[in-house]
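A.B. asks: Order-wise, the sequence lines are chains A and B.
So in the working numbering, spot 65 of the first sequence is number 145, and the numbers just go up one at a time.
So in the working numbering, spot 125 of the second sequence is number 329, and the numbers just go up one at a time.
Idealized CB from N, CA, C, for every residue including glycine.
I'd like to ask you about the structure that follows.
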Amino acid sequence: MPRFLLTKFARAMLTILLVMSFAFIVLRLSGDPAQVLLGPDAPQDAVDAFRARWGLNDPLWQQYLAYLRQLAAFDFGVSMRDHSPALQLVMDRVPATLALTVPALMLKICIGIPAGVYAALHRESVADRGVIMLSIFGFTIPSFVLGLVLVLVFAVKLDWLPAGGQDGWHYAILPIATMSIGGIGILARFSRSAMIEVLGQPYIRTAMAKGLPWRDVVWKHALPNAAVPIVTLVGFMVGALIAGAVVVESIFSWPGIGRLIVVSVANRDLAVVQCILLVIAASMVMANLLVDFAYGALDPRLRGAAPGR
Amino acid sequence: MSFVLIRDLKVAFDGVQVLHGIDLEIAPGEAVGLVGESGCGKSVTWLAALGLLPGKAQVRGSVMIEGRELIGAPRAQVEAVRGARIAMIFQDPSSSLNPVHRVGRQICESLRLHRGLRGAAARSQAIALMDMVGIPSAATRIDLYPHEFSGGQCQRLLIAMALAGKPDLLVADEPTTALDATIQAQILDLLSNLRRQTGMAMVFISHDLGAVSAVCDRAAVMYAGRIVEQNDIGRLFDAPRHPYTRGLFDAIPDLDAGRARLHPVPGTVPDPRKLPRGCAFSARCAAASGLCQDHQPELRPQRQGGLLACFHPAQEPAARRQEMLA
Numbered sequence: 081m082p083r084f085l086l087t088k089f090a091r092a093m094l095t096i097l098l099v100m101s102f103a104f105i106v107l108r109l110s111g112d113p114a115q116v117l118l119g120p121d122a123p124q125d126a127v128d129a130f131r132a133r134w135g136l137n138d139p140l141w142q143q144y145l146a147y148l149r150q151l152a153a154f155d156f157g158v159s160m161r162d163h164s165p166a167l168q169l170v171m172d173r174v175p176a177t178l179a180l181t182v183p184a185l186m187l188k189i190c191i192g193i194p195a196g197v198y199a200a201l202h203r204e205s206v207a208d209r210g211v212i213m214l215s216i217f218g219f220t221i222p223s224f225v226l227g228l229v230l231v232l233v234f235a236v237k238l239d240w241l242p243a244g245g246q247d248g249w250h251y252a253i254l255p256i257a258t259m260s261i262g263g264i265g266i267l268a269r270f271s272r273s274a275m276i277e278v279l280g281q282p283y284i285r286t287a288m289a290k291g292l293p294w295r296d297v298v299w300k301h302a303l304p305n306a307a308v309p310i311v312t313l314v315g316f317m318v319g320a321l322i323a324g325a326v327v328v329e330s331i332f333s334w335p336g337i338g339r340l341i342v343v344s345v346a347n348r349d350l351a352v353v354q355c356i357l358l359v360i361a362a363s364m365v366m367a368n369l370l371v372d373f374a375y376g377a378l379d380p381r382l383r384g385a386a387p388g389r
Numbered sequence: 205m206s207f208v209l210i211r212d213l214k215v216a217f218d219g220v221q222v223l224h225g226i227d228l229e230i231a232p233g234e235a236v237g238l239v240g241e242s243g244c245g246k247s248v249t250w251l252a253a254l255g256l257l258p259g260k261a262q263v264r265g266s267v268m269i270e271g272r273e274l275i276g277a278p279r280a281q282v283e284a285v286r287g288a289r290i291a292m293i294f295q296d297p298s299s300s301l302n303p304v305h306r307v308g309r310q311i312c313e314s315l316r317l318h319r320g321l322r323g324a325a326a327r328s329q330a331i332a333l334m335d336m337v338g339i340p341s342a343a344t345r346i347d348l349y350p351h352e353f354s355g356g357q358c359q360r361l362l363i364a365m366a367l368a369g370k371p372d373l374l375v376a377d378e379p380t381t382a383l384d385a386t387i388q389a390q391i392l393d394l395l396s397n398l399r400r401q402t403g404m405a406m407v408f409i410s411h412d413l414g415a416v417s418a419v420c421d422r423a424a425v426m427y428a429g430r431i432v433e434q435n436d437i438g439r440l441f442d443a444p445r446h447p448y449t450r451g452l453f454d455a456i457p458d459l460d461a462g463r464a465r466l467h468p469v470p471g472t473v474p475d476p477r478k479l480p481r482g483c484a485f486s487a488r489c490a491a492a493s494g495l496c497q498d499h500q501p502e503l504r505p506q507r508q509g510g511l512l513a514c515f516h517p518a519q520e521p522a523a524r525r526q527e528m529l530a
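So this is what it looks like as structure tokens:
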């Protein structure tokens with residue numbers, strides 16, 4: 081078991097390293113921070129000084145090695161704009177993002193899964209068709225459209241809720257709604273098909289033939305099996321908690337990670353972007369590890385059978 | 205009085221009729237075989253009787269168990285019959301056990317449901333049942349999961365689960381189809397022994413005539429959603445009279461005949477959406493006449509015993525087939 085854990089951990093680290101290397105290279109190929117930060121009219125000596133200050137004149141491989149050395153020492157660099165530590169900048173934004181994404185995730189789980197399961201249990205009924213229609217509606221409408229429509233209706237026309245900003249809990253309602261509707265649709269549809277798949281399995285027929293009441297067949301035999309694929313999807317959603325939502329935060333001027341990433345990429349603030357990507361990659365990898373362990377807990381066939389044992 | 209009385213049972217899926225009025229009686233303690241090709245409605249008959257078909261299936265007719273109607277009965281009433289009066293085991297043992305629960309828990313679930321046993325009492329009874337169906341070292345293996353057992357052992361576990369409710373009738377739906385030949389024989393032995401020990405009735409659904417003859421007293425041959433012939437095992441094997449029954453016997457390879465050709469039944473089972481107007485077997489039948497193509501022969505009692513639905517039954521006894529199977 082410890083060996084199994086170690087391999088998992090090593091793989092996770094490798095994944096993060098690959099993400100970071102990719103980010104490092106792409107960021108350096110995509111534009112010169114000196115030009116962007118200092119502006120096109122900056123005097124040449126200012127640009128040269130800036131490039132020298134941030135080591136941008138060194139060959140790429142030297143910059144890369146220096147970056148890896150920093151990472152190994154848990155030094156995530158400082159912002160090129162105001163010299164504040166990048167990690168601090170990112171961590172300051174995390175609570176605002178989580179304030180949106182965690183309630184949105186709860187809504188997705190608490191509405192999406194029960195709706196999907198209900199639809200599967202009442203297949204071809206009006207409720208089932210309703211769930212399918214609403215879920216397709218939910219995940220096909222892009223969040224930038226949905227967000228703007230919600231603002232138009234609830235902020236502009238009805239004036240019930242603020243259109244943007246962060247000044248009290250009710251400012252979070254529209255962004256959370258925008259974020260969760262798509263996920264509810266996806267999760268409902270996915271839970272429905274997972275449940276339908278399980279209900280067609282021979283062991284469900286066995287459970288019924290045994291004389292179990294239908295309620296027990298559903299709760300004790302169908303749901304624990306349907307949970308495996310559903311957990312996979314929820315795992316992705318958990319992994320995306322930190323990544324937040326670039327579009328939604330931008331629409332509602334919400335000062336979270338999403339806004340920070342937009343601003344930092346626009347400014348070519350390399351250290352900050354890299355740091356955000358690192359945090360996002362780490363949370364994704366963590367969520368994947370959790371899903372792996374959840375698999376083992378849910379399905380005995382997957383216990384210890386994970387690759388890399 | 206018969207324990208189960210099925211009268212004119214009809215089943216349709218999406219408007220396509222697959223069962224065209226089945227009449228069948230099972231007496232207490234009796235073992236009856238239900239024989240036929242895949243898709244002829246053998247399993248559907250019993251799934252319909254126990255209300256285990258998907259909701260889109262339309263079931264009509266009557267299934268009485270000790271005089272009480274099951275078709276159209278409230279769900280709770282049907283659930284009270286399942287497992288307690290009539291238990292059923294299925295053809296794919298490995299996927300018929302819930303993969304995420306320990307086998308002991310699955311057996312105990314039946315014990316709690318039908319005998320009110322809980323905790324340690326249920327556990328020791330579950331171990332006793334596992335012993336009874338021949339699972340070695342049951343006391344330690346009760347906490348394993350289904351995937352840790354072989355297919356044959358899974359079928360034994362399913363039988364143990366079925367026995368937990370002390371049913372009056374066990375419906376075995378092709379219980380050995382997914383198993384290899386030696387395991388098949390073991391499971392057949394087990395079923396025969398259990399029936400002797402418990403005195404329960406059994407319906408053995410199979411396309412394997414040898415298996416049916418090993419387990420049953422009586423057999424009904426089904427074709428395209430109808431019973432075409434029914435008789436005691438001995439008489440059915442000595443003198444099969446329906447051309448389809450004869451075809452089934454002819455298709456059994458003869459061990460003593462050297463490298464003789466097999467005699468398959470020509471043609472294929474008709475599509476249930478496009479059944480011929482008359483006898484469903486007429487298109488594949490050497491003896492068919494114009495009468496067969498236009499009229500459906502009814503299942504009638506025969507002078508020599510048994511039931512038969514054929515206008516041109518075979519007369520000649522076929523004693524050699526008994527020999528062949530022995």
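Exposed or buried, what is Ile105 (chain A) when buried is set at 16 or more other beta-carbons lying within 10 Å of its beta-carbon?
C.D. replies: Here residue 105 (chain A) is taken as the residue at index 25 of the first sequence, counted from 1. The residue is exposed, with fewer than 16 neighbouring Cβ atoms inside 10 Å.
A.B. asks: How would you call Val328 (chain A), buried or exposed, if buried means at least 16 neighbouring beta carbons within 10 angstroms?
C.D. replies: As a first step, residue 328 (chain A) must be located in the first sequence, where it is residue number 248. Its Cβ being crowded by 16 or more others within 10 Å, Val328 (chain A) is buried.
A.B. asks: With DSSP as the reference, please indicate the residues paired to His224 (chain B) in a beta bridge.
C.D. replies: Here residue 224 (chain B) is taken as the residue at index 20 of the second sequence, counted from 1. According to DSSP, His224 (chain B) bridges with B:Lys214.
A.B. asks: Taking 8 Å as the threshold (C-beta atoms), are Leu374 (chain B) and Ala366 (chain B) in contact?
C.D. replies: Taking the first residue of the second sequence as 1, we reach residue 366 (chain B) at position 162. Taking the first residue of the second sequence as 1, we reach residue 374 (chain B) at position 170. For Ala366 (chain B) and Leu374 (chain B), yes; Cβs fall inside 8 Å.
A.B. asks: Leaving aside the five residues before and after Val282 (chain B) along the sequence, list all residues of the same chain whose C-beta is less than 8 Å from its C-beta, in chain order.
C.D. replies: Sequence index remark: in the second sequence, residue 282 (chain B) carries index 78 (1-based). Excluding sequence neighbours, Val282 (chain B) sits near Leu254, Gly255, Leu274.
A.B. asks: In the region 302–324 of chain B, which residues sit with their C-beta less than 9 Å from some C-beta in chain A, listed in chain order?
C.D. replies: Taking 9 Å as the Cβ-Cβ cut-off against chain A, the residues of the region 302–324 of chain B that qualify are Asn302, Pro303, Val304, His305, Arg306, Gln310, Glu313, Ser314, Leu317, His318.
A.B. asks: 8 Å is my cut-off, CB to CB: does Asp296 (chain B) come that close to chain A?
C.D. replies: As a working note, residue 296 (chain B) is residue 92 in the second sequence. For Asp296 (chain B), the answer is yes, since a Cβ of chain A falls inside 8 Å of its Cβ.
A.B. asks: Within the same chain, show all residues whose beta-carbon is closer than 8 Å to that of Ile256 (chain A), passing over the 5 residues directly before and after it, in chain order.
C.D. replies: As a working mapping, residue 256 (chain A) is identified with position 176 in the first sequence. Result list for Ile256 (chain A): Leu180, Pro183, Ala184, Leu187, in chain order.
A.B. asks: Does the separation of the CB atoms of Thr87 (chain A) and Val365 (chain A) fall below 8 Å?
C.D. replies: Translated into the one-based positions of the first sequence, residue 87 (chain A) becomes position 7. Translated into the one-based positions of the first sequence, residue 365 (chain A) becomes position 285. Cβ distance not < 8 Å, so Thr87 (chain A) and Val365 (chain A) don't count as in contact.
A.B. asks: Comparing the C-beta of Ser242 (chain B) with each C-beta of chain A, is any distance below 8 Å?
C.D. replies: Taking the first residue of the second sequence as position 1, residue 242 (chain B) is located at position 38. No - not a single Cβ of chain A is within 8 Å of the one on Ser242 (chain B).
A.B. asks: With DSSP as the reference, please indicate the residues paired to Phe408 (chain B) in a beta bridge.
C.D. replies: The residue you call residue 408 (chain B) lines up with position 204 of the second sequence. DSSP output for Phe408 (chain B) lists B:Gly237, B:Ala376 as bridge partner(s).
A.B. asks: When Cβ atoms are compared, which residues of the region 346–357 of chain B fall closer than 7 Å to chain A?
C.D. replies: Taking 7 Å as the Cβ-Cβ cut-off against chain A, the residues of the region 346–357 of chain B that qualify are Tyr349, His351.
A.B. asks: Just to confirm, are Gly287 (chain B) and Gly403 (chain B) a CB contact at a threshold of 8 Å?
C.D. replies: Position 83 of the second sequence, counting from 1, holds the residue named residue 287 (chain B). Position 199 of the second sequence, counting from 1, holds the residue named residue 403 (chain B). No, these two residues do not count as a Cβ contact at 8 Å.
A.B. asks: How would you write the range of the beta strand (DSSP E) that Asp138 (chain A) sits in, first residue to last?
C.D. replies: Translated into the one-based positions of the first sequence, residue 138 (chain A) becomes position 58. First-last for Asp138 (chain A): undefined, no H or E at that position.
A.B. asks: Name the chain B residues that come within less than 8 Å of Gln281 (chain A), Cβ to Cβ?
C.D. replies: The sequence position of residue 281 (chain A) within the first sequence is 201, counting from 1. Here the neighbours are Ser299.
A.B. asks: Strictly below 7 Å CB to CB, what residues from chain A border Met365 (chain B)?
C.D. replies: For this step, residue 365 (chain B) is matched to residue 161 along the second sequence. Within chain A, the residues near Met365 (chain B) are Lys290.
A.B. asks: If I measure Cβ to Cβ from Leu251 (chain B) and keep anything under 7 Å in the same chain, skipping five residues before and after, which residues do I get?
C.D. replies: Residue numbering aside, residue 251 (chain B) sits at position 47 when the second sequence is read from its first letter. Closer than 7 Å at the Cβ level, and outside the excluded window around Leu251 (chain B), lie Leu257.
A.B. asks: On the DSSP bridge assignment, give the partners of Gln434 (chain B) in chain order.
C.D. replies: As a working mapping, residue 434 (chain B) is identified with position 230 in the second sequence. Bridge partners of Gln434 (chain B): B:Ala424, B:Leu511.
A.B. asks: By Cβ distance below 8 Å, which residues in the same chain neighbour Ala362 (chain A) in space, the five residues on each side in sequence not counted?
C.D. replies: If you number the first sequence from 1, residue 362 (chain A) lands on position 282. Ile96, listed in sequence order.
A.B. asks: Please confirm if Asp155 (chain A) has its CB atom under 8 Å from at least one CB of chain B.
C.D. replies: Walking along the first sequence from the start, residue 155 (chain A) turns up at place 75. No, Asp155 (chain A) lies away from the interface with chain B (no Cβ there is under 8 Å from its Cβ).
A.B. asks: Rounded to a whole number of angstroms, what is the C-alpha to C-alpha distance between Thr344 (chain B) and Arg381 (chain A)?
C.D. replies: As a working note, residue 344 (chain B) is residue 140 in the second sequence. As a working note, residue 381 (chain A) is residue 301 in the first sequence. In a straight line, the C-alpha of Thr344 (chain B) is about 19 Å away from that of Arg381 (chain A).
A.B. asks: Skipping 5 residues on each side, what residues in its chain have a beta carbon closer than 6 Å to that of Ile331 (chain A)?
C.D. replies: Position 251 of the first sequence, counting from 1, holds the residue named residue 331 (chain A). Once the five neighbours on either side are set aside, the close Cβ partners of Ile331 (chain A) are Gly227.
A.B. asks: Could you work out which residue in B:Ala330, B:Pro371, B:Gln390 is closest to Pro379 (chain B) when comparing CA atoms only?
C.D. replies: Here residue 379 (chain B) refers to the residue found at position 175 when the second sequence is read from its first residue. Answer by Cα proximity: B:Gln390.
A.B. asks: Within 10 Å of its beta-carbon, does Cys190 (chain A) have 16 or more other beta-carbons around it, so buried, or fewer, so exposed?
C.D. replies: Within the first sequence, numbered from 1, the residue matching residue 190 (chain A) stands at position 110. With fewer than 16 Cβ atoms within 10 Å of its Cβ, Cys190 (chain A) is classed as exposed.
A.B. asks: Take the Cβ of Pro447 (chain B) as the centre, count every other Cβ of all protein chains shown within 10 Å, and call the residue buried at 16 or more, exposed below.
C.D. replies: Residue 447 (chain B) sits at position 243 when you count from the first residue of the second sequence. When all chains shown are included, Pro447 (chain B) counts as buried.
A.B. asks: Taking the continuous beta strand (DSSP E) assigned at Ile269 (chain B), which residues delimit it?
C.D. replies: Stepping through the second sequence from its first residue, residue 269 (chain B) is reached at position 65. Note, Ile269 (chain B): beta strand (DSSP E), 261–269.
A.B. asks: Taking Pro474 (chain B) and Pro480 (chain B) to be in contact with their CB atoms under 8 Å, please state how far apart those CB atoms are, rounded to whole angstroms.
C.D. replies: Locating residue 474 (chain B) in the second sequence gives position 270, where the first residue counts as 1. Locating residue 480 (chain B) in the second sequence gives position 276, where the first residue counts as 1. With a Cβ gap of about 7 Å, Pro474 (chain B) and Pro480 (chain B) count as contacting.
A.B. asks: Applying the 10 Å Cβ sphere with the 16-neighbour rule, what's the burial state of Leu495 (chain B)?
C.D. replies: The sequence position of residue 495 (chain B) within the second sequence is 291, counting from 1. Burial call: exposed.
A.B. asks: Roughly how many angstroms lie between the CA atoms of Ser354 (chain B) and Val416 (chain B), to the nearest whole one?
C.D. replies: Here residue 354 (chain B) refers to the residue found at position 150 of the second sequence. Here residue 416 (chain B) refers to the residue found at position 212 of the second sequence. Each residue's Cα considered, the two are about 24 Å apart.
A.B. asks: Using DSSP with H/G/I as helix, E/B as strand and the rest coil, what is Glu204 (chain A)?
C.D. replies: Here residue 204 (chain A) is taken as the residue at index 124 of the first sequence, counted from 1. In this structure, Glu204 (chain A) counts as coil in the three-state DSSP scheme.
A.B. asks: Determine, using beta carbons only, whether Leu560 (chain B) comes closer than 8 Å to chain A.
C.D. replies: What is shown of chain B runs 205 to 530, which leaves residue 560 (chain B) out entirely.
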